[in-house]
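Residue numbers (UniProt numbering): 1 to 61.
Written out below as structure tokens is the structure these notes cover.
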């Protein structure tokens with residue numbers, strides 16, 4: 001069955017694998033960028049409001 005239309009099916013399988021890899025890479029990159037942006041955003045908020053830092057440190061310890 002596979003060797004009857006070998007070239008066409010191999011191209012379809014390769015394109016599917018490439019699309020899946022591209023989607024996985026894009027989603028992982030997007031998640032990493034979101035995490036970095038949220039960390040920077042929280043850092044800016046803590047810099048904007050330093051009076052909340054001692055309370056957070058006291059509650060953490």
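All C-beta atoms, glycine included, are put in the ideal place defined by N, C-alpha and C.
Bear in mind the structure is a predicted one, so any value in this text is a computation, not a measurement.
Nearest-angstrom Cα separation, counted from residue 6 out to residue 35: 43 Å
CA-to-CA distance, residue 24 to residue 12, given in whole angstroms: 18 Å
Cβ-based neighbour list, residue 14, same chain, cut-off 6 Å, excluding 5 preceding and 5 following: none
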